[in-house]
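Working notes, beginning with the structure itself.
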Ligand code: BGC
């Protein structure tokens, strides 16, 4: 753990200057607006350790695969998120010396703040340069959520002695990815252009041919006389603005930037579009743009804030998670998705993992308008053909679809055989998300429009992937990796088999629904996908009904996979803290042979299909698996929190909550410098709403709540959307209050009792800590 940030309900605050924290802070203070994002790199020069990162949503480069031992079926290339041209840069030169905090004589009063209420990043400090001049510097910047092709930087310098200041605002296309496989640069710069107070740069990705234009306009205040010189080369467009400043005179530069990509504009119109964004922003001015920004965030918080009273660390933690999720994905564009690192780092290469469906969707379903999740589902629909091709490459036929483990454009971006070929449970999460969306929204039409085709492709995959064991007289699924990546090539992973069985059954159910409700569309689909309905569905039924689900009679638990109990059974608390995390201390061989579980696996299945199990079954499985779980994936604690709360183990639930909510702020795993864990942030939200709040929607499609509250909190309150109606739930140590913010009646089940709320009305009930289910 590394705790250097101050606790505050709405802000992340760093006080005091430490180059050692710099890369971690670059991640934590990252900004985004759904269309673009960037790490909190400094505007002025910085020669210390850094990961420069500026990203444009949906823009990728197919980097040639690099592996030690090539396996047939690996992708030749994989799409990688790109570090794009740097548009925030403003070099500052004082009497010939470049301002660089890494080289300065003294840095005092350093303060960096991320205001989550408005999405503004600010910094202030006093710096003494080698030439003896001391300056006070303030910067503020934001990526407009309202105008998602606009960014603004305001930078002020107040020298303590008369001096010559040269501000050099610029756009720089000479950038690279740290994770480039062959040290290649991924961009060609097609054109740079400059004028007084202006600059633009048109860039194009190599191979994938995306184009992105950047344009800046600058404004100086605090002085009337200054000299501007333009400066450009093949990859750089900037200005030198020379100012004679008096001591204590504050000079401010505002840089308005437009960033437009060929995903949204015709290539020939890009530069003009970016210039238009920059000049419109300049005409509106910093103040107006900031007002818009505040308003936009206020609307987001009104829909999805969580308030916690009596625990500032927990409050800051949950807001940090909600903030980053909303600036990563806004749901307007079905070509985009939510990457595990969002706009905060390069790790994980592509963007889309099963994380989106298993974690992201439950969050967006209940905090954002319906179209947001619909777009995430359509994203996968659009990749169906590629998933079919991916499965064909591995030997599957007849339209069987295997979605990639990681992707941006539908193609597989992963190349470790035990994951690429074996971690096939991802297909299940994609099918489950369709069901989850429908049960939360009632949008059954989605099945006939898009969902059914995906479900058929996935069911075909599972029916072919399962094989019949004459020994067991059951269908089996061999050679897989479950969510627990600390075991590979196992047979009959319970979670994988369970979700495969569910997919096969749900695909049949979906066929019936579409056939009944939209017969013409059903005929269209069966023709398109060449479905022999009776024959294929009877195979699916037979595989599902006879699928082996390993169980230990001795332990009375579902067995993570065949043979799991052959392993030496020890628990994580028997491990010395000096070997944790085990993935940083043990050989891979030792990890594979141990019984330790990376993340929720069997419990992930119990979480998804909870309504099938009674409390005792959940309790026994939790008591068996949790002590063997080392939680070395950020996706793990939240599922444990939810199940711990479900079985009434509030202490464990709280312990798991703390682990998930401040994972990045407190850098639990010493890796925050690589970027944030964006997808697990959705799990943190789930911990409160589904864990402590007990929110569920079962097969009957009804909203259920059964809140409990940790002893450490005075009160917590969350807002949720269900069938496009908004509710607020407040929980104190004594009672639960549910307020309707909808304009129609809302029905729900509170602690097992059906209630309904008229528009704008609220209801209070005593808290019932003994209610489970
Ligand atoms: C986890 C996967 C997850 C991936 C991206 C891995 O460490 O084991 O379940 O999909 O990270 O978040």
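Residue numbers (our numbering): 37 to 809.
Every residue gets a Cβ at the ideal spot worked out from N, C-alpha and C, and that includes glycine.
Would you give the residue range spanned by the beta strand (DSSP E) that residue 891 belongs to?
Examination of residue 891 is not possible in this model, given that the chain is present from 37 through 809 alone.
Residue nearest to residue 659 in terms of C-alpha spacing, selected from 639, 672, 673 and 669
Minimum Cα distance to residue 659 is reached at 639.
List in chain order the residues whose CB is within less than 5 Å of at least one heavy atom of ligand 1.
Answer in sequence order: 376, 389, 391, 521 and 669.
Assumed close pair residue 87, residue 75 - CB separation to whole angstroms, cut-off 8 Å
By a beta-carbon distance limit of 8 Å, residue 87 contacts residue 75. Their separation comes to about 6 Å.
Under a Cβ-count criterion, where at least 16 other Cβ atoms within 10 Å of its own Cβ denotes burial, should residue 380 be classed as buried or exposed?
When all chains shown are included, residue 380 counts as buried.
Tell me, please, whether the segment 392-404 touches the segment 713-723 by the rule of three or more beta-carbon pairs shorter than 8 Å.
Yes, the segment 392-404 is in contact with the segment 713-723.
Compare the beta carbon distance of residue 166 and residue 141 with 9 Å and say whether it is the shorter of the two.
The answer is yes: Cβ separation under 9 Å.
For residue 274, is the classification buried or exposed, using 16 other Cβ atoms within 10 angstroms of its Cβ as the cut-off for buried?
Under this definition residue 274 is a buried residue.
Per-residue DSSP class, three states only, for residue 226
Strand, per DSSP.
Which value, in whole angstroms, describes the spacing of the CA atoms of residue 728 and residue 496?
In this structure, the alpha-carbon of residue 728 lies about 38 Å from that of residue 496.
Alpha carbon of residue 254 to alpha carbon of residue 185, nearest angstrom
Residue 254 and residue 185 have their C-alpha atoms spaced approximately 17 Å apart.
With 16 other Cβ atoms within 10 Å as the buried cut-off, status of residue 438:
Answer is buried; the Cβ neighbour count reaches 16.
Does the contact criterion of 3 or more C-beta pairs under 8 Å hold for the segment 517-526 versus the segment 441-456?
By the C-beta criterion, the segment 517-526 is judged to be in contact with the segment 441-456, since at least 3 inter-stretch pairs fall below 8 Å.
DSSP-derived helix/strand/coil call for residue 293
The DSSP-derived three-state label of residue 293 is strand.
By how many angstroms is the C-alpha of residue 545 removed from the C-alpha of residue 551?
Rounded to whole angstroms, residue 551 to residue 545 spans 10 Å at the Cα level.
Whole-Å CB distance - residue 664 paired with residue 632, under 8 Å assumed
Between residue 632 and residue 664 the Cβ distance is about 6 Å, and since that is below 8 Å, they are a contact.
So is residue 350 buried or exposed if we call it buried at 16+ other beta carbons inside 10 Å?
With 16 or more Cβ atoms within 10 Å of its Cβ, residue 350 is classed as buried.
Residue from 407, 212 and 179 with nearest C-alpha to residue 364
Closest in C-alpha terms to residue 364, from the list 407, 212 and 179, comes 179.
Using a Cβ-Cβ cut-off of 8 Å (strictly less than) and excluding sequence neighbours within five positions of residue 373, which residues of its own chain qualify?
Leaving aside the five residues that flank residue 373 on each side, the residues in its chain whose CB is nearer than 8 Å to its CB run, in chain order, 365, 387, 388, 392, 412, 415 and 444.
In its own chain, which residues sit with a C-beta less than 8 Å from the C-beta of residue 479, not counting the 5 before and 5 after it?
Result list for residue 479: 406, 410 and 473, in chain order.
Looking at residue 154: is its Cβ nearer than 9 Å to the Cβ of residue 330?
Yes; because the gap between Cβ atoms is below 9 Å, this pair is in contact.
The segment 104-122 / the segment 162-177 touching (three or more Cβ pairs under 8 Å):
In short, these stretches do not touch, since the Cβ pair count stays below three.
For residue 699, three-class secondary structure by DSSP:
DSSP, read as helix, strand or coil, puts residue 699 in coil.
8 Å contact criterion, which residue 290 and residue 322 should meet: CB distance rounded
Confirmed, about 5 Å.
Using a Cβ distance threshold of 8 Å, determine whether the segment 552-566 contacts the segment 596-604, with at least three qualifying pairs required.
The segment 596-604 and the segment 552-566 do not touch, with fewer than three beta-carbon pairs separated by less than 8 Å.
Kindly indicate which three-state DSSP category residue 256 falls into: helix, strand or coil?
Residue 256 falls in the strand class under three-state DSSP.
Residues in the same chain with beta-carbon distance under 7 Å from residue 779, minus the five sequence neighbours each way, listed in chain order, please.
If we look at residue 779 and ignore the five residues flanking it on each side, its Cβ neighbours are 795.
Scan the segment 766-797 and note each continuous beta strand (DSSP E) run of 3 residues or more that stays entirely inside, going in chain order.
Residue ranges of uninterrupted beta strand (DSSP E) with 3 or more members, entirely inside the segment 766-797 and ordered along the chain, are 771-776, 782-786 and 789-793.
May I have the straight-line CA-CA distance separating residue 534 from residue 734, to the nearest angstrom?
Within the model, the alpha-carbon separation for residue 534 versus residue 734 is close to 17 Å.
Report all residues from its chain with a CB closer than 7 Å to the CB of residue 376; omit the five preceding and five following residues, and keep chain order.
Excluding its 5 nearest sequence neighbours in each direction, residue 376 has C-beta neighbours in its own chain below 7 Å: 384, 389, 391, 713, 714 and 715, listed in chain order.
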